[in-house]
Structures are given as structure tokens and as C-alpha cells.
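Numbering (the numbering used here), first residue to last: 5 to 258.
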């Protein structure tokens with residue numbers, strides 16, 4: 005007998021790339037599921053396993069097999085996409101965007117520094133405002149002083165060169181209408197500038213403050229030194245893209 009309730013399409017797709025997060029993955033799944041069950045909208049969780057070499061995939065499989073992820077609204081699905089090798093966080097988001105079935109796509113990190121309780125806040129803001137996406141701003145960022153300083157000046161430089169006004173493009177926590185990213189062309193490392201790329205396509209984004217937690221388990225996959233040069237190069241590429249971006253309107257057709 006087919007359960008018709010479970011044939012509902014998800015309204016929300018939560019896309020989370022993960023790489024070697026064995027210490028966080030179970031808590032992450034439970035936290036996101038708990039929030040969305042309470043929220044009451046049909047949802048799916050897409051975990052993109054980015055070639056993890058630890059027990060991340062094994063633990064995801066345990067969660068998927070042992071726990072019934074069924075929301076109060078009658079639909080919940082944990083989907084897992086596994087890369088054959090590590091391809092990077094941008095590739096993870098790209099694969100998730102293409103596979104997502106929801107009208108609204110939520111993005112977040114897998115290290116438990118984003119607060120799943122902010123997801124309904126972003127979605128409600130997205131629905132109530134005349135915009136195409138709501139992006140997070142980590143007002144009280146819980147990272148090292150050096151990382152916060154580098155991020156602050158990085159955002160200043162990016163805004164100056166690209167003409168943006170975003171306070172925190174590096175925040176992965178976002179709620180986006182699916183059409184903003186379904187056909188978006190991404191390049192390696194460009195997940196940091198997702199807001200800029202979406203804005204470049206003519207979509208309107210609103211920035212709101214969100215919670216941020218310190219990393220308490222596992223290790224960061226990024227270091228300051230291996231990011232500075234790449235980020236500066238990416239900013240220059242974004243500036244070039246903005247200047248060369250086609251922007252026209254047909255006023256008349258005869």
C-alpha cells in the first residue's frame with residue numbers, strides 16, 4: 005500500500021556538503037531534522053559527501069538506515085550524494101543544487117557552526133519579503149581573531165572591487181528560491197561568493213543576522229594562508245565578470 009502522504013514533493017531542500025565530519029554528522033542530522041519537523045513543511049536533506057576518508061559516509065548510512073526521518077507534514081527524506089574523490093565545497097553545493105527538489109533551497113556548512121534554528125527564520129523572511137533569497141550575516145562570528153580580521157578586510161576589498169554591499173558573503177547559511185541557483189554556473193572556490201554571483205544574475209537578496217557557533221568537534225578544512233591568495237584571485241575574476249556581464253533589455257520588437 006502506497007502512503008500518499010509520502011508522495012508529497014519537498015518544499016524545502018537543505019543542501020549540506022560534508023568532508024571528514026565524522027564527529028559532527030550525527031548531531032548535524034538530528035539538529036536539522038528536529039528543527040524542520042517542528043517547522044512542519046515538507047523537506048529533504050541532501051548531504052553531499054565530498055570524498056571523505058573517515059567514517060562520515062558510514063555514519064550517514066547508519067542514520068539513514070536506522071532512523072526514520074519522517075516529518076509531521078508527511079514527508080522527509082535524507083538523500084546522500086557521494087563523490088568518488090574530494091572535489092571541494094563549491095562542487096558539493098553545485099551537485100546539491102542540481103539534485104534538489106524543493107521550491108526553497110537552504111545551504112549550510114556541516115561543521116555545526118551554523119545554527120539550524122535559523123533556517124525557519126530565513127525561510128519566513130524569504131516568503132514575507134519581495135526578494136529572491138535571504139543570506140546570513142554572522143554578526144557575532146565565533147572564529148579566531150585572525151580569521152575574523154582577514155574576513156572583515158576581505159569583505160571590504162570584495163565590496164570595493166565588485167560594487168557589492170554584502171557584509172558576509174562567506175556565510176554558508178542561506179535560503180534561496182530554487183530558480184536562483186538551478187542554472188547558475190559555478191567555478192571552484194566560488195561558493196564564497198555565491199551571493200555576488202546570484203546578485204549578478206539580477207536577483208534580489210536580503211542579508212539578515214544569524215547565529216554562529218565555535219567549532220567544537222573536528223578540524224577546519226581551511227587555513228588562513230591557503231585562502232588569502234585564492235580569495236584575492238577570485239575577487240579579481242568576479243570584478244572582471246561583473247564588468248563583462250551582458251545587461252540589456254529589448255525595448256521593441258517589430
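Here a beta-carbon is modelled for each residue, glycine too, at the ideal position from N, C-alpha and C.
Counting along the chain, residue 35 sits inside the alpha helix (DSSP H) bounded by residues 29–43. DSSP, read as helix, strand or coil, puts residue 192 in coil.
Under the three-state reduction of DSSP, residue 140 is assigned to strand. One alpha carbon belongs to residue 170, the other to residue 200, and they sit about 8 angstroms apart. For the pair of segments examined, the segment 193–210 was found not to touch the segment 99–107: the number of CB pairs separated by less than 8 angstroms stays below three.
Rounded to whole angstroms, the separation of the alpha carbons of residue 64 and residue 70 is 10 angstroms. In the DSSP assignment, residue 111 is bridged to 19, 178.
Distance from the CA atom of residue 214 to the CA atom of residue 258, rounded to whole angstroms, is 50 angstroms. Nearest to residue 24 by C-alpha distance, out of 111, 194, 87, 143, is 87.
In the pairwise beta carbon analysis, the segment 110–119 is classified as touching the segment 173–184: at least three pairs are separated by under 8 angstroms. With a cutoff of 8 angstroms on beta-carbon distance, residue 56 and residue 22 are scored as near each other. Judged by beta-carbon spacing, residue 129 lies within the 8 angstroms limit of residue 210, meaning their Cβ atoms are closer than that value.
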